[in-house]
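Before any comments, here is the structure.
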Amino acid sequence: MSISTLCNKQVICVEMGTSIDEVGKLMEEKNIGCVVVIDNEKPCGLVTDRDILIRVINQGLSPAETYVDDIMSELVMTLDEDMGLHEALEKVKGMSVRRFPVTDKNGNLIGIVTLDDIIYLLGKEMSDVASIIKSESATL
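Counted the way numbering that gives the first Met the number 0 counts, the sequence shown spans residues 0 to 139.
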(Lines of atoms letter the chains of each structure in order from A and count residues from 1; the text may use other names and numbers.)
(Lines give C-alpha, C1' and ligand atoms only; values in the text may rest on other atoms or scores of the structure.)
Protein backbone atom coordinates (compact mmCIF):
# COMPACT_ATOMS: atom_id res chain seq x y z
CA MET A 1 0.00 0.00 0.00
CA SER A 2 1.35 3.41 -0.92
CA ILE A 3 1.35 6.46 1.29
CA SER A 4 -0.92 8.27 -1.20
CA THR A 5 -3.78 5.88 -0.37
CA LEU A 6 -3.32 6.49 3.35
CA CYS A 7 -2.84 10.26 3.40
CA ASN A 8 -5.58 12.77 4.13
CA LYS A 9 -6.06 14.74 0.94
CA GLN A 10 -8.14 17.42 2.70
CA VAL A 11 -5.07 19.40 3.76
CA ILE A 12 -5.55 22.90 5.09
CA CYS A 13 -2.79 25.20 3.84
CA VAL A 14 -1.80 28.79 4.43
CA GLU A 15 0.63 30.98 2.53
CA MET A 16 3.79 32.44 3.98
CA GLY A 17 2.92 35.77 5.57
CA THR A 18 -0.38 34.59 7.06
CA SER A 19 -0.97 35.96 10.56
CA ILE A 20 -1.26 33.60 13.50
CA ASP A 21 -4.60 35.25 14.27
CA GLU A 22 -5.89 34.04 10.87
CA VAL A 23 -4.38 30.58 11.40
CA GLY A 24 -6.04 30.25 14.81
CA LYS A 25 -9.44 31.15 13.37
CA LEU A 26 -8.93 28.67 10.52
CA MET A 27 -7.95 25.91 12.95
CA GLU A 28 -11.05 26.56 15.03
CA GLU A 29 -13.34 26.70 11.98
CA LYS A 30 -11.95 23.48 10.48
CA ASN A 31 -11.45 21.74 13.85
CA ILE A 32 -7.82 20.94 13.10
CA GLY A 33 -4.55 21.17 15.02
CA CYS A 34 -2.12 21.73 12.16
CA VAL A 35 -1.78 23.69 8.93
CA VAL A 36 0.78 23.26 6.18
CA VAL A 37 2.60 26.43 5.19
CA ILE A 38 3.18 26.69 1.46
CA ASP A 39 5.38 28.89 -0.68
CA ASN A 40 4.78 28.81 -4.44
CA GLU A 41 2.48 25.81 -3.91
CA LYS A 42 5.29 23.79 -2.28
CA PRO A 43 5.14 22.80 1.40
CA CYS A 44 7.80 24.60 3.43
CA GLY A 45 6.62 24.27 7.03
CA LEU A 46 4.00 23.28 9.57
CA VAL A 47 2.24 25.25 12.29
CA THR A 48 0.45 23.36 15.03
CA ASP A 49 -1.84 24.53 17.81
CA ARG A 50 1.02 23.66 20.17
CA ASP A 51 3.38 25.96 18.23
CA ILE A 52 0.90 28.81 18.63
CA LEU A 53 0.59 28.21 22.37
CA ILE A 54 4.30 27.90 23.07
CA ARG A 55 5.81 30.28 20.52
CA VAL A 56 3.18 33.02 20.51
CA ILE A 57 0.83 33.01 23.49
CA ASN A 58 3.37 31.94 26.13
CA GLN A 59 5.86 34.48 24.76
CA GLY A 60 3.31 37.29 25.07
CA LEU A 61 3.32 37.98 21.33
CA SER A 62 0.34 39.37 19.47
CA PRO A 63 -1.27 36.75 17.18
CA ALA A 64 -2.32 39.58 14.85
CA GLU A 65 1.28 40.76 14.51
CA THR A 66 3.01 37.37 14.39
CA TYR A 67 3.19 35.38 11.18
CA VAL A 68 3.57 31.75 10.22
CA ASP A 69 7.06 32.54 8.90
CA ASP A 70 8.07 33.48 12.46
CA ILE A 71 6.96 30.31 14.24
CA MET A 72 6.58 27.49 11.73
CA SER A 73 8.57 24.33 12.03
CA GLU A 74 10.47 24.10 8.78
CA LEU A 75 9.95 20.83 6.99
CA VAL A 76 12.62 18.32 7.75
CA MET A 77 11.11 15.94 5.22
CA THR A 78 8.14 15.07 3.12
CA LEU A 79 6.98 11.63 2.06
CA ASP A 80 6.68 10.72 -1.62
CA GLU A 81 3.20 9.68 -2.72
CA ASP A 82 4.38 6.38 -4.19
CA MET A 83 6.40 5.41 -1.13
CA GLY A 84 5.33 2.16 0.52
CA LEU A 85 4.14 2.02 4.11
CA HIS A 86 7.20 0.22 5.45
CA GLU A 87 9.56 2.49 3.50
CA ALA A 88 7.80 5.55 4.96
CA LEU A 89 8.03 4.16 8.48
CA GLU A 90 11.74 3.51 8.02
CA LYS A 91 12.23 7.07 6.76
CA VAL A 92 10.44 8.69 9.73
CA LYS A 93 11.90 6.40 12.39
CA GLY A 94 13.69 8.32 15.12
CA MET A 95 12.27 11.70 14.13
CA SER A 96 10.45 13.81 16.68
CA VAL A 97 7.79 14.75 14.15
CA ARG A 98 4.25 13.36 14.02
CA ARG A 99 2.89 14.88 10.80
CA PHE A 100 4.33 14.51 7.33
CA PRO A 101 3.24 16.29 4.16
CA VAL A 102 2.91 13.96 1.18
CA THR A 103 4.14 15.25 -2.17
CA ASP A 104 3.99 14.16 -5.80
CA LYS A 105 7.08 13.69 -7.96
CA ASN A 106 7.19 17.46 -8.62
CA GLY A 107 7.18 18.33 -4.92
CA ASN A 108 3.57 19.55 -4.94
CA LEU A 109 1.53 18.89 -1.83
CA ILE A 110 -1.13 16.19 -2.26
CA GLY A 111 -1.92 15.28 1.34
CA ILE A 112 -0.72 14.79 4.88
CA VAL A 113 -0.17 11.66 6.93
CA THR A 114 0.37 11.32 10.66
CA LEU A 115 2.51 8.86 12.54
CA ASP A 116 -0.72 7.60 14.13
CA ASP A 117 -2.11 6.84 10.63
CA ILE A 118 0.97 4.80 9.77
CA ILE A 119 0.93 2.88 13.06
CA TYR A 120 -2.80 2.16 12.74
CA LEU A 121 -2.38 0.75 9.26
CA LEU A 122 0.61 -1.36 10.30
CA GLY A 123 -1.50 -2.80 13.13
CA LYS A 124 -4.27 -3.59 10.66
CA GLU A 125 -1.80 -5.31 8.33
CA MET A 126 -0.46 -7.39 11.23
CA SER A 127 -4.01 -8.37 12.19
CA ASP A 128 -4.73 -9.41 8.59
CA VAL A 129 -1.57 -11.55 8.52
CA ALA A 130 -2.53 -13.16 11.84
CA SER A 131 -5.99 -14.00 10.46
CA ILE A 132 -4.47 -15.63 7.38
CA ILE A 133 -2.07 -17.69 9.49
CA LYS A 134 -4.89 -18.73 11.81
CA SER A 135 -7.16 -19.80 8.94
CA GLU A 136 -4.35 -21.71 7.20
CA SER A 137 -3.30 -23.51 10.37
CA ALA A 138 -6.91 -24.61 10.93
CA THR A 139 -6.90 -26.39 7.56
CA LEU A 140 -3.69 -28.33 8.25
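The C-beta atom is built at its ideal place from N, Cα and C for all residues, glycine as well.
Check: Check whether chain C comes within 8 Å of valine 22, counting only Cβ atoms and requiring the distance to be less than that.; Outcome: In the structure shown, chain C cannot be found, because there is only a single protein chain.
Check: Hey, which unbroken runs of the alpha helix (DSSP H) at 4 residues or more fall wholly within the region 69–94?; Outcome: 84–91
Check: Mind reading off the beta-carbon distance from serine 72 to aspartate 48? Whole number of angstroms is fine, and I expect it under 8 Å.; Outcome: Not a contact, Cβ separation roughly 13 Å.
Check: Since threonine 65 and isoleucine 19 are thought to touch, with beta carbons under 8 Å apart, how far apart are those beta carbons, to the nearest angstrom?; Outcome: 5 Å
Check: Mind checking alanine 87: buried by the 16 CB within 10 Å criterion, or exposed?; Outcome: buried
Check: In three-state DSSP terms, what is arginine 54?; Outcome: helix
Check: Roughly how far, in whole angstroms, is the beta-carbon of cysteine 6 from the beta-carbon of valine 35, given that I think they are within contact range, below 8 Å?; Outcome: Contact doesn't hold; Cβ gap of about 12 Å is too wide.
Check: Can you tell me whether leucine 108 is buried or exposed? The criterion is at least 16 other CB atoms within 10 Å of its CB, across all chains shown.; Outcome: buried
Check: For leucine 84, which residues of its own chain have a beta-carbon under 8 Å away from its beta-carbon, when the five flanking residues on both sides are left out?; Outcome: Met0, Ser1, Ile2, Leu5, Ile117, Leu120, Leu121 and Glu124
Check: Is the beta carbon of threonine 77 less than 8 Å from the beta carbon of threonine 113?; Outcome: no
Check: Can you list, in chain order, the residues of its chain with a C-beta nearer than 6 Å to that of lysine 41? Leave out the 5 residues immediately preceding and following it.; Outcome: Gly106
Check: Evaluate threonine 17 with the Cβ neighbour count: other Cβ atoms within 10 Å of its Cβ, from every protein chain shown; 16 or more gives buried, anything less gives exposed.; Outcome: buried
Check: Between Ser134, Leu45, Val22 and Pro62, which has its C-alpha nearest arginine 98's C-alpha?; Outcome: Leu45
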